[in-house]
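Protein chains in written order, with this note's numbering: chain U, 1 to 289; chain Z, 1001 to 1254.
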């Protein structure tokens, strides 16, 4: 018992670990909450694309400020919101299919980001941080920004819970109830962009989509109603963040990767064991009948 | 209740509907019939106020439809994500959201309305079911309950009976009959001409334009049917009357 407590407490002696844990918990909760809508609306590809498309913004912020954190955040935020709105407008009267258009925009922007970063001297190290995150490098200021914008996202999602629910389940109903369906749709895209920006430092661009979709997909397998799904997704997201960081600490694994691997493992376990719907459950049921 | 005047809709330059004029009285039940691609769904979207007309105008209860929350549009069952994590009463409650306004949570009055709506369609016992566990007829009845919770005065149903077995179809027709007493106007799109002729006050035969509107026997004349369906339709004369045989094998599907 004492060793277990020691095992849990030991990393907390380092302030950078405490900040990292706080960031991971916040990011886990915000990502999973917004991710619930993304999973239900089939927006995983959009989330992945948007995360990658933010890279040139991050790179510009980095270039302009010489590595200071705050400007990077604001540049990423601006790029994220603009790209979200741009992708949201794609597909209306476009010449190519929506997913093709998103693919083109996303890879083009990602390439631009890499090109900008490659002009810098510490190219490889910096790129790795942006791509895979560096949760242990989270500063006090980062923590406040994450908390503030994460709170904005959560409050908006909860305040407009029923509107987003109708929009996602039946957009025609949303229109006949005269809800501002188009406004809500764009608002959701902006919320996804905000979520990605606040999570950038924790999991990075490349693994972002896992934090957005995996916990929500796990919760989807375990619940039959929207509100519990959202709550459970947030809990799974937060747990993955904490467990991942401990694994990262003790096994010297990259933190972002460890967090995502925990979330993925939870998903696979649920897929196998979920009551009523899991693979094993069905197997037993089929054998009995 | 509903008045359409010279309504025309164009999609990307090609006309989907043109020169549609008709009126519907309160409490009437109308079946909109026509081949696939005749513009039935387009007409419904215009009436519901979610698709603008290119020309002409639609008035519901004296106003443009865009301002109303008393119009319910029931989706085709195939267009719904039945694995969405909501229960039957969650879906019916969505009908209340128009009245609720932003930031308000459903109260006792709303729950009462939901319960009453489920009672009318005979689904109180299924209120807590996840929607994936419903049969086709139950799914359709749930959406009727949602329209009732919405306090809809005009209900538009897009192919509500397709894919349902006969008892389920009859159950839904019986519910529509009770709505007549509540002065709810119902417009149903269907490709089943026999069913339309049997159960509805008037038929509206559509094929891009209005081919006929009126009592079934006035609308389903050989000339009208030929104009709407071309060679897809056979009229079979028997001792009991004329039957319509439809060739729907090669339609666009739903």
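Even for Gly, the Cβ is constructed at its ideal location relative to N, Cα and C.
Keep in mind the model is a prediction, meaning the values are calculated, not measured.
Cα-Cα separation, residue 233(U) to residue 50(U): Whole-angstrom Cα-Cα distance: 21 Å.
Partners in chain U for residue 1085(Z), counting only beta-carbon separations shorter than 7 Å: Chain U residues near residue 1085(Z): 220, 223, 224, 225, 226 and 229.
Residues of the stretch 148-159 of chain U whose Cβ lies closer than 7 Å to any Cβ of chain Z, in chain order: Residues of the stretch 148-159 of chain U whose Cβ lies closer than 7 Å to any Cβ of chain Z, in chain order: 159.
Nonlocal neighbours in the same chain, by C-beta distance under 8 Å from residue 164(U), ignoring five residues either side: For residue 164(U), where only same-chain residues beyond five positions count, the Cβ hits under 8 Å are 37, 157, 184 and 188.
Distance, residue 6(U) Cα to residue 14(U) Cα: Distance between the alpha carbons of residue 14(U) and residue 6(U) is about 14 Å.
Span of the beta strand (DSSP E) around residue 223(U): In the DSSP assignment, residue 223(U) falls outside any beta strand (DSSP E) and carries neither an H nor an E.
The stretch 125-138 of chain U touching the stretch 194-205 of chain U, judged by at least three CB pairs closer than 8 Å: Between the stretch 125-138 of chain U and the stretch 194-205 of chain U there are three or more inter-stretch CB-CB distances shorter than 8 Å, so the stretches are counted as touching.
Exposure of residue 279(U), with buried meaning 16 or more beta-carbon neighbours within 10 Å: Residue 279(U) is exposed by the Cβ-count criterion.
Interface flag, residue 177(U) vs chain Z, CB-CB below 7 Å: True, the Cβ-Cβ gap to chain Z drops below 7 Å.
Minimum Cβ-Cβ distance from residue 5(U) to chain Z less than 7 Å: For residue 5(U), the answer is no, since every Cβ of chain Z falls outside 7 Å of its Cβ.
Three-way DSSP call (helix, strand, coil) for residue 201(U) in this model: Note: residue 201(U) maps to helix in three-state DSSP.
Chain U residues whose Cβ lies nearer than 9 Å to that of residue 1090(Z): Chain-order list of chain U residues neighbouring residue 1090(Z): 165, 169, 225 and 226, by C-beta distance under 9 Å.
Residues of its chain near residue 109(U), where Cβ-Cβ distance is below 6 Å and the 5 sequence neighbours each way are ignored: Contacts found: 53 and 56.
Through-space distance from residue 265(U) to residue 271(U), alpha-carbon basis: For residue 271(U) and residue 265(U), the distance between alpha carbons rounds to 10 Å.
Residue 1141(Z), buried or exposed, once every other Cβ within 10 Å from all chains shown has been counted against 16: It counts as buried.
Three CB pairs or more closer than 8 Å across the stretch 1160-1172 of chain Z and the stretch 1112-1119 of chain Z: No, they do not touch.
Sheet register partners of residue 1015(Z) (DSSP bridge): BP columns for residue 1015(Z) point to 1010(Z).
Member of 1013(Z), 1080(Z), 1139(Z) and 1005(Z) whose CA lies at the smallest distance from the CA of residue 1047(Z): Looking from the CA of residue 1047(Z), the closest CA among 1013(Z), 1080(Z), 1139(Z) and 1005(Z) belongs to 1005(Z).
Cβ pair count under 8 Å reaching 3, the stretch 1148-1159 of chain Z against the stretch 1123-1134 of chain Z: Contact fails: fewer than three Cβ-Cβ distances are below 8 Å.
Where residue 1048(Z) meets chain U, residues with beta-carbon distance less than 8 Å: Here the neighbours are 172, 175 and 176.
The stretch 1027-1046 of chain Z in contact with the stretch 1198-1208 of chain Z per 3-pair CB rule at 8 Å: The stretch 1027-1046 of chain Z vs the stretch 1198-1208 of chain Z: in contact.
Inter-stretch contact at 8 Å, needing at least 3 Cβ pairs: the stretch 1080-1092 of chain Z / the stretch 225-245 of chain U: The answer is yes - the stretch 225-245 of chain U touches the stretch 1080-1092 of chain Z, with three or more Cβ pairs under 8 Å.
Buried or exposed (CB count within 10 angstroms, at least 16 for buried), residue 179(U): Buried is the label assigned to residue 179(U), since at least 16 other Cβ atoms lie within 10 Å of its Cβ.
DSSP three-state assignment for residue 17(U), whether helix, strand or coil: Helix, per DSSP.
Rounded straight-line distance, which links the Cα of residue 148(U) to that of residue 155(U): The C-alpha of residue 155(U) lies about 11 Å from the C-alpha of residue 148(U).
Beta-carbon proximity check, residue 1187(Z) vs residue 1071(Z), cutoff 7 Å: It is not a contact, given that the beta carbons lie outside the stated cut-off.
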